[in-house]
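Take a look at the structure set out below.
In our numbering, the protein residues as written are 139 to 784.
Below you can see the structure in the form of structure tokens.
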């Protein structure tokens, strides 16, 4: 999966307190690959609960850890499903140990498998002691539920059932008291307590099966209904009133004013622009107008679609708790709040990581020029981690993203969906510029050529900030030395200069810029003059603050047979890697390291040849760090950037 897919499913519970009741489940399937992290971020932001699917042979993989941390960030209660129990090498208990060790979760084992690998036929529910068995030919459509637990499993079922009851009771004072008194809580009491514990992030229920053959899927769906929160369990959603800045709250209630979040834009070849929307409160109707409080604009909803993966159903209305796609919104972007203009609210936006890799792209013909611009605009609307920038020095367009795979997919989509033929350069690392020390600088721009002249004058003070803290502009002007309207011009001049860079042409980050003095002319001062003066002052101040270059550092995890471990570590060390350690996982050795992205070009090929094709690796962005001085000197000598401050 490289894009998230949304669907609406209906499930009638087969067991438990909801037996026989039809439930509606909105499902979003997200990618695991780190290059498509935006799909995971925006999906988790609007979901109330999650099912983490793990491979019974591999256990918790690196991608699973990354997505798990993202789910922690958004406080999403979840269930784990140990999949592929019929696969050679499947190990249910080893997978659960990896859930504890690598995810730091508190697992509540709900089932035990009957058989393993090719002999896997079903599961035993530990709460009810019922055995679920699936036939081999019906792809899970038929199964039987009996009290007939296999003889060789009975002792194990009682052992793990005892552990489960103890674990659930520990989360509830009433049950714990009952349990310590020697009285066993009822199954209904245990289910209710487990639901509360899951919603409070105290326990993670564990189920098992084989999704390809639909074995174990029915108990899992019952668990989704029984233990994961419904929109009513989430409570009030909190936002801000855009007019007063005060806190606003909305309940999941169709009678409340409409409020929701646009979490994804998709361009559909048949329908056009689709805006995926989570309704948190109130209801929306096709043909009505809705207020975008993020952008302060009103848009008309043409149609409302209920998505079912590859087909869609048109509906007239959508209510709180639902996820739908809206047709007709032209300017709404990912992360925008849509609400009732009479009761405005802005919900928390979705945060996305900064791109770490770029490549240059240019159209092959003049006819492709316009098509390229249109295609890139559409693609960047869909993926917030995909950014576009023009390089005036080379007349090229630079596209940036989270990894090579993401950029490859985007280039392929340009050719396939938009018929754009383009020359694509080699991937380039997304460096950043910053300062090492404080510095001060003056900028003065005066032009007099008959009539009205130009006058701008300011002093700037630059201060380094900790890594990842971004840019801050501070106005310390006293006594009206520079009027407020020109402070805005100075800020614009600073931002534009920082975006274009002054050392090697890369964006400047992690610094505070303070304007503390200056002067103006009643007649000649202008927006342009102060922007130019601000650019001059920033260049002077940054030069005095000692410019330096930052590079993205990747967290790399190499899985290799132990006989190649020495070669792998030696090669990584030659790539300026910081080796964090090694660990044994099954029959493989895992090498953990922090490696500059600049050193990892073509690493897949290198690793393949070094390990006879038996090693694999995974990487994700970790942080930015300073480029060693000797490498910076080489880069400066090879650079064609003309705006450098020496």
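Yeah, the Cβ is synthetic: ideal placement off N, Cα and C, and Gly gets one too.
Because the structure is a prediction, the values reported are computed rather than measured.
Using a C-beta cut-off of 8 Å, the stretch 378-395 makes contact with the stretch 478-487, since at least three inter-stretch Cβ pairs fall below that distance. Checking the DSSP bridge columns, you'll see residue 748 has no partner listed.
Residue 379 carries a coil assignment under DSSP once its states are collapsed to helix, strand and coil. A distance below 9 Å separates the beta carbons of residue 354 and residue 260. No residue range can be given for residue 226, since it is assigned to no alpha helix (DSSP H) and is classified by DSSP as neither H nor E. Annotation for residue 763: 691 place their beta carbon closer than 6 Å to its own, counting only its chain and skipping 5 residues before and after.
According to the DSSP assignment, residue 657 belongs to the beta strand (DSSP E) that extends over 649-657.
Leaving aside the five residues that flank residue 718 on each side, the residues in its chain whose CB is nearer than 8 Å to its CB run, in chain order, 730, 731 and 732. Taken through DSSP and simplified to helix, strand or coil, residue 475 comes out as strand. With contacts defined by Cβ atoms closer than 9 Å, residue 175 and residue 199 do not form a contacting pair. Taking C-beta separations shorter than 6 Å and ignoring five residues to either side along the sequence, the partners of residue 543 in its chain run 173, following chain order. Straight through space, the alpha carbons of residue 545 and residue 566 are spaced by roughly 11 Å. Residue 703: member of the alpha helix (DSSP H) spanning 703-712, first to last residue. About 5 Å separates the CB atoms of residue 222 and residue 193; that is less than 8 Å, so the two are in contact.
Rounded to whole angstroms, the gap between the alpha carbons of residue 300 and residue 306 is 10 Å.
Proximity of the stretch 598-607 to the stretch 699-707 falls short of the contact definition, fewer than three beta-carbon pairs being nearer than 8 Å. Judged by DSSP secondary structure, residue 580 falls within the beta strand (DSSP E) whose first and last residues are 577-585. Residue 321 has its alpha-carbon roughly 12 Å from the corresponding atom of residue 312. Within the model, the alpha-carbon separation for residue 234 versus residue 206 is close to 15 Å. Along the stretch 161-204, the beta strand (DSSP E) occurs as fully enclosed runs of 3 or more residues at 188-193, listed in sequence order.
One alpha carbon belongs to residue 429, the other to residue 437, and they sit about 6 Å apart. When Cβ pairs closer than 8 Å are counted between the two stretches, the stretch 550-568 is seen to touch the stretch 499-518, the count reaching three or more. Residue pairing for residue 357: DSSP places it in no beta bridge. Just so you know, the alpha carbons of residue 707 and residue 622 end up roughly 57 Å apart.
Annotated three-state conformation of residue 779 is coil, per DSSP.
Residue burial annotation: residue 508 is exposed, with fewer than 16 other C-beta atoms found within 10 angstroms of its C-beta. Judged by their CB atoms, residue 395 and residue 419 are nearer to each other than the 9 Å cut-off.
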